[in-house]
Amino acid sequence: MPATTRLPYLATAALSGLLFGAGLYISQMVDPLKVLRFLDFTAIPTGGWDPSLAFVIGPAIVVMFIAVRISRRRSKPAFDTEFNEPEFTHIDTPLVGGAVLFGIGWGMSGICPGPAISLIAFWPPDLFLFLAAMFIGSYAGALVIPSGHDKRLALAR
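The numbering used here applies: residue 1 is where the sequence shown begins, and numbers increase by one.
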């Protein structure tokens with residue numbers, strides 16, 4: 001990346017991260033109980049289900065849909081040399097398995113990696129345990145299923 005785009009790129013990344021973190025905090029997605037109440041569909045008959053997080057994901061999907069459509073009309077991004085789109089476009093067993101494990105972990109704890117990083121600002125009591133488990137699990141997963149770029153790309157095609 002040329003030095004002339006490095007600072008604007010990093011500033012945009014920092015601002016985006018701050019905006020994302022603030023959005024997680026304002027929407028209360030950093031509150032594990034709020035997330036667990038949203039994920040507990042068995043509480044619908046008793047009125048204990050909290051559908052409010054659907055009002056977070058709905059607008060997020062609309063905004064991202066529009067942003068992707070606008071970006072596809074551009075030849076290159078404002079502060080980078082090329083768009084970074086996913087190289088792997090096939091749905092395969094490791095992807096589905098990882099998504100299932102992610103969902104189980106999110107459902108058990110009410111925290112996923114994005115909100116966990118945002119929670120570092122407040123450092124709730126059990127966050128260290130979650131972060132340690134997340135990093136150990138990520139490392140162990142990489143040992144069990146090496147995800148080398150060339151191997152993964154060959155499998156995806």
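All C-beta atoms, glycine included, are put in the ideal place defined by N, C-alpha and C.
- Here residue 38 is buried. Its C-beta has 16 or more other C-beta atoms within 10 Å.
- Nearest to residue 107 by C-alpha distance, out of 29, 21, 16 and 6, is 29.
- Just so you know, the alpha carbons of residue 59 and residue 87 end up roughly 26 Å apart.
- The beta-carbon distance between residue 27 and residue 56, rounded to whole angstroms, is 4 Å. This is short enough to meet the 8 Å contact definition.
- When the five nearest sequence neighbours on each side are left out, the beta carbons in the same chain lying within less than 7 Å of the beta carbon of residue 36 are those of 110, in order along the chain.
- Per the C-alpha coordinates, the member of 126, 54 and 144 positioned closest to residue 98 is 144.
- Here residue 30 carries a coil assignment [DSSP, helix/strand/coil].
- If one requires a minimum length of 4 residues, the alpha helix (DSSP H) runs lying completely within the segment 36-118 are 54-72 and 93-109, in chain order.
- In this structure, DSSP gives residue 125 a state outside helix and strand, which the three-state scheme calls coil.
- In the structure shown, the three-state DSSP call for residue 136 is helix.
- Of the residues assessed, residue 102 falls on the exposed side of the cut-off, its CB having fewer than 16 other CB atoms within 10 angstroms.
- Between residue 25 and residue 118, the gap from beta carbon to beta carbon is short of 9 Å.
- Take residue 22, set aside five residues on each side of it, and no residue of its chain has a beta-carbon closer than 6 Å to its own.
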